[in-house]
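*Asks:* Its first residue numbered 98, the sequence shown is counted upward by one per residue in my numbering.
Take this structure, written in structure tokens, and hold onto it; I'll ask about it next.
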Amino acid sequence: VQPASIERLAAAFARLPGIGPRTAQRLTYHVLTRPEDEVRTLAQALIEVKELIGECRICFNLAEGPECVICRDPRRDPALLCVVEGPADVLPIERTHEYRGRYHVLGGALSPVDGIGPQDLHLEELYRRVVAGDPDLPGDPGGTGSRITEVVVATNPTTAGEATALQIGADLGRLAPQVTVTRLASGLPVGADLEHADEVTLGRAFAGRRAL
Ligand SMILES: [Zn+2]
């Protein structure tokens, strides 16, 4: 009933999260009404993120180039490291303005039922950072050893997130007993994702973090 190119765009929109077939159709009509240069800018931006964005070689956050903007920022507190499941968890924490350290992105959470074990996450890299530091980063010049004094485990308040937090607490207790490992205070809705928590709740959970 529609030209093939319209069908193709609507189908592409419908594959986006939270977009149903009706919204996909509406977005398609919207694109048709916009000037060509505006549509070209959108298309270009879509391609550019895929071409330019990769993983930070230090923290596995999203990065344009070898290191992310947070790792490269000399104003970040080198004593604090916050562990999150995915790159989408970094922005909500930044928005709370409660945290001034660096991050470590695990790439998921431990979940034996889904076949996700320790080797599937960036845990080894985390332990190496905590033990040896980040020699190439501002604040730790020349690799003088780790300056990390606290690791804040901000995995999601889900079964997998809790299991991951416990594992990290146990491993770091063995590998780096001088480092305090903390967990966000309760108050975050159980089973919810950090990504969807509001700033005030997340900020409070951060301020009220406790030793694991
Ligand atoms: Zn980074």
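Where is the CB? At the ideal position from N, CA and C, for every residue including glycine.
1. Specify the secondary structure class of A273 as computed by DSSP and reduced to three states.
2. Sorry if obvious, but does the Cβ on I213 come closer than 6 Å to a heavy atom of ligand 1?
3. If T261 and L223 are in contact, beta carbons under 8 Å, what's the gap, nearest whole angstrom?
4. Which runs of the alpha helix (DSSP H) fall wholly inside the stretch 150–178 and span at least 4 residues, in chain order?
5. Look at the Cβ atom of I144, then the Cβ atom of T125, and state whether they are nearer than 7 Å.
6. Buried or exposed for D134, please, with buried defined as at least 16 other CB atoms from any protein chain shown within 10 angstroms of its CB.
7. Just the C-alpha distance for R137 and G115, rounded to the nearest angstrom, thanks.
8. By the 10 Å Cβ neighbour count, where 16 or more other Cβ atoms means buried, how is E221 classified, buried or exposed?
9. Using the three-state DSSP reduction, which class does A251 fall into: helix, strand or coil?
10. Roughly how many whole angstroms lie between the Cα atoms of E296 and A206?
*Replies:* Walking through what the data contain:
1. When DSSP states are grouped into helix, strand and coil, A273 belongs to the coil group.
2. No, since every heavy atom of ligand 1 falls outside the 6 Å radius drawn around the Cβ of I213.
3. Incorrect: roughly 11 Å between the Cβ atoms, too far for contact.
4. Fully contained in the stretch 150–178 are the following alpha helix (DSSP H) runs of length 4 or more, in chain order: 166–169.
5. Contact: no.
6. Around the C-beta of D134, fewer than 16 other C-beta atoms lie within 10 Å, and the residue is accordingly described as exposed.
7. In a straight line, the C-alpha of R137 is about 24 Å away from that of G115.
8. Per the 10 Å Cβ criterion, exposed.
9. In the displayed model, A251 falls within coil according to three-state DSSP, outside both helix and strand.
10. In this structure, the CA atom of E296 is about 22 Å from the CA atom of A206.
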